[in-house]
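Residue numbers (full-length UniProt numbering): 1 to 147. We put the CB at the ideal spot given by N, CA and C, even for glycine. Notes to accompany the following structure.
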């Protein structure tokens, strides 16, 4: 019997990642943010691991480089938090300042909180995928060696 689950999981991957991206972008103005976006993207990758296995899932570049993505996210978060100190502001200062014009297109306004949330999304996604990958690696080697 042919299963419909593998094609369905591949079909659900990209919409899940696009919804995660929209959660990140809406985080500054509405419900959402970096943490739920990273968690949703990580769960989409987890579905791929469960259905297709480790070797097939690691074909995706973001999965192979999940740990460095978490490191980049950490640098983005720390940089966003402490770069204002170099300009004489307090840590975590929001830019643009209230007296400055906002940059954006339509309902999307670009500000430092969006960058911070993006770094948080990379951290959560990178850590979730790295942990899943390590579990899959360990499970695969135990199955090959036997009980």
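Does the separation of the CB atoms of residue 70 and residue 123 fall below 7 angstroms?
yes
Helix, strand or coil: how does DSSP classify residue 53 here?
Note: residue 53 maps to coil in three-state DSSP.
Please report the distance separating the alpha-carbon of residue 130 from that of residue 16.
19 angstroms
Starting from residue 73, trace the alpha helix (DSSP H) both ways and give me its first and last residue.
66-86
Could you say if the region 106-115 and the region 39-59 meet the contact criterion of at least three C-beta pairs nearer than 8 angstroms?
no
Thinking residue 36 and residue 21 are a contact (beta carbons under 8 angstroms), I'd like their distance in whole angstroms, please.
Contact doesn't hold; Cβ gap of about 12 angstroms is too wide.
Mind the definition here: the region 59-79 touches the region 125-139 only if three or more C-beta pairs lie below 8 angstroms; say whether that holds.
Yes, they touch.
Alpha-carbon to alpha-carbon, residue 6 and residue 57:
12 angstroms
DSSP three-state call for residue 122: helix, strand or coil?
Helix.
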